[in-house]
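Participant: Quick note, the sequences are listed as chains A and B, same order. Our numbering puts the first sequence at residues 182 to 402. Our numbering puts the second sequence at residues 182 to 402. Just so it is clear, CB atoms sit at the ideal spot from N, CA and C, and this is done for glycine as well. As the structure is a prediction and not an experimental result, all values here were calculated from the model. Can you keep this structure in mind? I'll have questions shortly.
Protein chains: 2
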Amino acid sequence: MIDQQWTANFPGLRDLEPEITHLLFTTSKVVDLPAGTRIFGPGQSPESYILLLDGTVRVQQVSEGGREIVLYRIAAGQSCALTTACLMGYEDYQAEGVAETDVKAVAIPRATFDEAISRSAAFRKFVFTAFSVNVTTLFKIIEEVAFSRIDVRLAQRLLQLADSRGRIELTHQQLAAELGSAREVIGRQLHEFQRRGWLTTSRGSIELEKPDALRQLAAMY
Amino acid sequence: MIDQQWTANFPGLRDLEPEITHLLFTTSKVVDLPAGTRIFGPGQSPESYILLLDGTVRVQQVSEGGREIVLYRIAAGQSCALTTACLMGYEDYQAEGVAETDVKAVAIPRATFDEAISRSAAFRKFVFTAFSVNVTTLFKIIEEVAFSRIDVRLAQRLLQLADSRGRIELTHQQLAAELGSAREVIGRQLHEFQRRGWLTTSRGSIELEKPDALRQLAAMY
DNA sequence: TATGCTATGTGACTTGATCACATACGCCTA
DNA sequence: TAGGCGTATGTGATCAAGTCACATAGCATA
Chain A
182 MIDQQWTANF
192 PGLRDLEPEI
202 THLLFTTSKV
212 VDLPAGTRIF
222 GPGQSPESYI
232 LLLDGTVRVQ
242 QVSEGGREIV
252 LYRIAAGQSC
262 ALTTACLMGY
272 EDYQAEGVAE
282 TDVKAVAIPR
292 ATFDEAISRS
302 AAFRKFVFTA
312 FSVNVTTLFK
322 IIEEVAFSRI
332 DVRLAQRLLQ
342 LADSRGRIEL
352 THQQLAAELG
362 SAREVIGRQL
372 HEFQRRGWLT
382 TSRGSIELEK
392 PDALRQLAAM
402 Y
Chain B
182 MIDQQWTANF
192 PGLRDLEPEI
202 THLLFTTSKV
212 VDLPAGTRIF
222 GPGQSPESYI
232 LLLDGTVRVQ
242 QVSEGGREIV
252 LYRIAAGQSC
262 ALTTACLMGY
272 EDYQAEGVAE
282 TDVKAVAIPR
292 ATFDEAISRS
302 AAFRKFVFTA
312 FSVNVTTLFK
322 IIEEVAFSRI
332 DVRLAQRLLQ
342 LADSRGRIEL
352 THQQLAAELG
362 SAREVIGRQL
372 HEFQRRGWLT
382 TSRGSIELEK
392 PDALRQLAAM
402 Y
């Protein structure tokens, strides 16, 4: 019980009604998942509403031709909108979620979820807010995929993915999967960025040298 | 009051608890909107949850460059997932909804919506199901835009948009906006379909001649 | 050092988007 | 009925991005 004070990790859940907090604590499980675990995917109906305590989950779509596109990531303190959608709407997933790091998460069973939704306005607000943020993300992705240039999108993504020292440990193939593009295309763009002195590449990693130049490109429509 | 028995139009709302039905009837308004009305759009926070009694609403995204893509349509008996998302999550719209025909709709105020959600499991299920269907649609769009060929997507859309006699009254420009593509591209594809004898075109309209051939193309990934 | 796996590079080609125009159609008016 | 106008459609050139086939390079391990 003592290690179950996890609601403190979620701003929207701190001021929950005490009996709801108690309900969540007594019926939910805290689970640990190793990096690489497929948490959900097409054809798998989710059994519970998932809140991330630690680690990140990547949500992506895989096409028949084997191409991939990353839709969004769930970080600690967030919940999975898709899980929510499916839990609520009883539809199967069209996308899959993979643990990018070791993950610690809270799994709230559907029955508990239903009860908390019906009894707590604060819980509803928490769930719906998370949901709408992710729907908004989906709109942005549609707009970008349909209308934005690949160099602009790559610049944006490099800035997002870089760590505090401007380093990105991904292969060209993985970057292509982030954007739903092709390895060769990404390789050529990176080559061009390198030619301009904006970054340096080596096998499996990239170092940003002029993030401001990338930011300027990323700011284009 | 008598003409407000609109819940009959929504399968998911027929078996609602009587007091919820009463709540909906007494606080919601039935509104009529002429074709072309912009029902919601970026920067407009929705004031109510909308259920369509008659007509169709087109939900689309417009890019900075002026290009458009149609996301989905809402038909009689359906609700607007986006409205829902925004109503629940308090986010602004990223897309706009336009009445394609004259529209008759029920507008449920936020307070009523909140109350019905909290008190009725059946109402929750109705809302969440509609929501998840539309989220699923968004996933399909992302997959298609990112990975499908334009001829396949055009064939699919022509079949969707054709009336019972295989007729489509849209310009090439409008078809391009359906798919987030360009007029010239659509024109060339239509020309190719016509060359194969699958359809005939004339100014502002298209007649499908061999829908089965289109269906076969549309079935490709 | 040899071997093998994975990552990256490259050229040729196809598809789709963009741009700048040219034409054609339908409708209204003189 | 002809002329004129606005919108819809056609067309070639060019560019951007994805695809395909294959070459090369980096790194680990035997």
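On the three-state DSSP scale, how would you describe leucine 380(B)?
Facilitator: Correct three-state label for leucine 380(B): strand.
Participant: I need the straight-line Cα distance from threonine 208(B) to valine 279(B), nearest angstrom please.
Facilitator: Each residue's alpha carbon lies about 25 Å from the other.
Participant: Taking C-beta pairs closer than 9 Å, name the residues in chain B that serine 299(A) reaches, listed in chain order.
Facilitator: Those are Ile298, Ser299, Arg300, Ser301, Ala302, Arg305, listed as they occur along chain B.
Participant: Apart from the five residues on each side of it in sequence, which residues of its chain come closer than 6 Å, Cβ to Cβ, to isoleucine 387(A)?
Facilitator: Cβ neighbours of isoleucine 387(A) beyond the five flanking positions: Ile349, Leu380.
Participant: Taking glutamate 249(B) as the reference, which of Phe328(A), Ala358(A), Glu245(A) has the closest Cα?
Facilitator: That would be Phe328(A), whose Cα lies nearest to the Cα of glutamate 249(B).
Participant: If you draw a straight line from the C-alpha of methionine 182(A) to the C-alpha of leucine 234(A), how long is it?
Facilitator: Any reading at methionine 182(A) must be qualified, since the residue scores a pLDDT of 48, below 50, and its modelled position is unreliable; the value itself is stated next. Distance between the alpha carbons of methionine 182(A) and leucine 234(A): 16 Å.
Participant: Counting only beta-carbon separations shorter than 8 Å, does arginine 376(A) have a partner in chain B?
Facilitator: Arginine 376(A) does not count as touching chain B.
Participant: Buried or exposed for proline 227(A), please, with buried defined as at least 16 other CB atoms from any protein chain shown within 10 angstroms of its CB.
Facilitator: Looking at its Cβ environment, which holds 16 or more other Cβ atoms inside 10 Å, proline 227(A) is buried.
Participant: Could you name the residues of the same chain whose beta carbon sits closer than 8 Å to that of glutamate 373(A), not counting the 5 residues immediately before and after it, in chain order?
Facilitator: Closer than 8 Å at Cβ, skipping near neighbours: Asp332.
Participant: Does any C-beta atom of chain B lie closer than 8 Å to the C-beta of methionine 182(A)?
Facilitator: Here the model assigns methionine 182(A) a pLDDT of 48, short of 50, so the residue's position is not dependable, and the following value carries that caveat. Not closer than 8 Å to any Cβ of chain B, the Cβ of methionine 182(A) fails to qualify, so no.
Participant: Tell me whether the stretch 286-294 of chain A and the stretch 292-307 of chain B touch, counting them as touching only if at least three CB pairs, one residue from each stretch, are closer than 8 Å.
Facilitator: Because the criterion of three Cβ pairs below 8 Å is not met, the stretch 286-294 of chain A and the stretch 292-307 of chain B do not touch.
Participant: Please report the straight-line C-alpha distance between isoleucine 298(A) and phenylalanine 309(A), rounded to a whole angstrom.
Facilitator: Computed Cα separation, rounded: 10 Å.
Participant: Taking buried to mean at least 16 other C-beta atoms within 10 Å of its own C-beta, is serine 200(B) buried or exposed?
Facilitator: It should be noted that the sequence gives glutamate, not serine, for residue 200(B). Classification of glutamate 200(B): exposed, given that the 10 Å Cβ count is below 16.
Participant: Counting only Cβ pairs nearer than 8 Å, list the residues of chain A close to arginine 248(B).
Facilitator: Chain A residues near arginine 248(B): Ala327, Phe328.
Participant: Count the other CB atoms within 10 Å of the CB of glycine 224(A); is the residue buried (16 or more) or exposed (fewer)?
Facilitator: That one is exposed.
Participant: Would you mind giving the Cβ-Cβ distance between threonine 188(B) and tyrosine 230(B), rounded to the nearest angstrom? I have them listed as a contact below 8 Å.
Facilitator: The pair is not a contact, with the Cβ atoms about 14 Å apart (cut-off 8 Å).
Participant: Just reading off the alpha helix (DSSP H) that aspartate 332(B) is part of, what are its end residues?
Facilitator: Residues 331-342.
Participant: Hey, would you say glutamine 241(A) sits closer than 8 Å to glutamate 277(A), going by beta carbons?
Facilitator: Against a cut-off of 8 Å, the Cβ pair of glutamate 277(A) and glutamine 241(A) comes out as a contact.
Participant: Within this structure, are the beta carbons of glycine 385(A) and lysine 306(A) separated by less than 8 Å?
Facilitator: No, these two residues do not count as a Cβ contact at 8 Å.
Participant: Using a cut-off of 9 Å between C-beta atoms, extract the partners of alanine 357(A) located in chain B.
Facilitator: What alanine 357(A) touches in chain B: nothing, since even the nearest Cβ is about 11 Å away.
Participant: DSSP three-state call for alanine 280(B): helix, strand or coil?
Facilitator: Three-state DSSP puts alanine 280(B) in a strand.
Participant: How many Å lie between glutamine 259(A) and histidine 203(B) at the Cα?
Facilitator: Roughly 37 Å between the two C-alpha positions.
Participant: Please list, in chain order, the residues of the stretch 230-245 of chain A that have any C-beta partner in chain B closer than 8 Å.
Facilitator: Those residues of the stretch 230-245 of chain A that come within reach of chain B (Cβ to Cβ, closer than 8 Å) are Gln242, Ser244, Glu245.
Participant: Quick check on alanine 276(B) - is its C-beta less than 8 Å from some C-beta in chain A?
Facilitator: Chain A, which has a Cβ nearer than 8 Å to the Cβ of alanine 276(B), makes this yes.
Participant: Could you name the residues of the stretch 312-326 of chain B whose beta carbon sits closer than 8 Å to any beta carbon of chain A, in the order they occur along the chain?
Facilitator: Taking 8 Å as the Cβ-Cβ cut-off against chain A, the residues of the stretch 312-326 of chain B that qualify are Phe312, Ser313, Val314, Val316, Thr317, Leu319, Phe320, Lys321, Ile322, Ile323, Glu324, Val326.
Participant: For tyrosine 253(B) and chain A, any beta-carbon pair shorter than 8 Å?
Facilitator: By this cut-off, tyrosine 253(B) is not an interface position.
Participant: What does the Cβ neighbour count give for glutamate 325(B), buried or exposed, with the cut at 16 atoms within 10 Å?
Facilitator: It counts as buried.
Participant: Using CA atoms only, rank isn't needed, just tell me which of Lys391(A), Asp196(A), Cys261(A) is closest to serine 301(A).
Facilitator: Of the candidates Lys391(A), Asp196(A), Cys261(A), the one whose C-alpha sits nearest the C-alpha of serine 301(A) is Asp196(A).
Participant: Return the bridge partner residues of proline 290(A) from the DSSP annotation.
Facilitator: In the DSSP output, where bridge partners are listed per residue, proline 290(A) has Ser229(A).
Participant: Contact check, isoleucine 322(B) vs isoleucine 323(A) under 8 Å by CB: the rounded distance?
Facilitator: Contact flag correct, Cβ pair sits at about 6 Å.
Participant: Return the chain-ordered ranges of every alpha helix (DSSP H) run that is complete within the stretch 350-395 of chain A and spans a minimum of 4 residues.
Facilitator: Counting only runs of 4 or more, we get 353-360, 364-376.
Participant: Lysine 285(A): which of Tyr402(A), Gly368(A), Glu198(A), Val211(A) sits nearest, CA to CA?
Facilitator: Measuring from the Cα of lysine 285(A), the nearest candidate turns out to be Val211(A).
Participant: Can valine 366(A) and alanine 357(A) be called in contact, C-beta distance under 8 Å?
Facilitator: Yes.
Participant: Rounded to whole angstroms, what's the CA-CA distance from leucine 205(A) to leucine 232(B)? Just pull it up for me.
Facilitator: Rounded to the nearest angstrom, the two C-alpha atoms are 33 Å apart.
Participant: For glycine 347(B) versus leucine 389(B), is the C-beta spacing smaller than 8 Å?
Facilitator: Yes, Cβ-Cβ distance for glycine 347(B) and leucine 389(B) is below 8 Å.
Participant: Run down chain A in chain order and give the residues with a C-beta less than 8 Å from the C-beta of glycine 224(B).
Facilitator: None at all; the shortest Cβ gap to chain A is about 13 Å.
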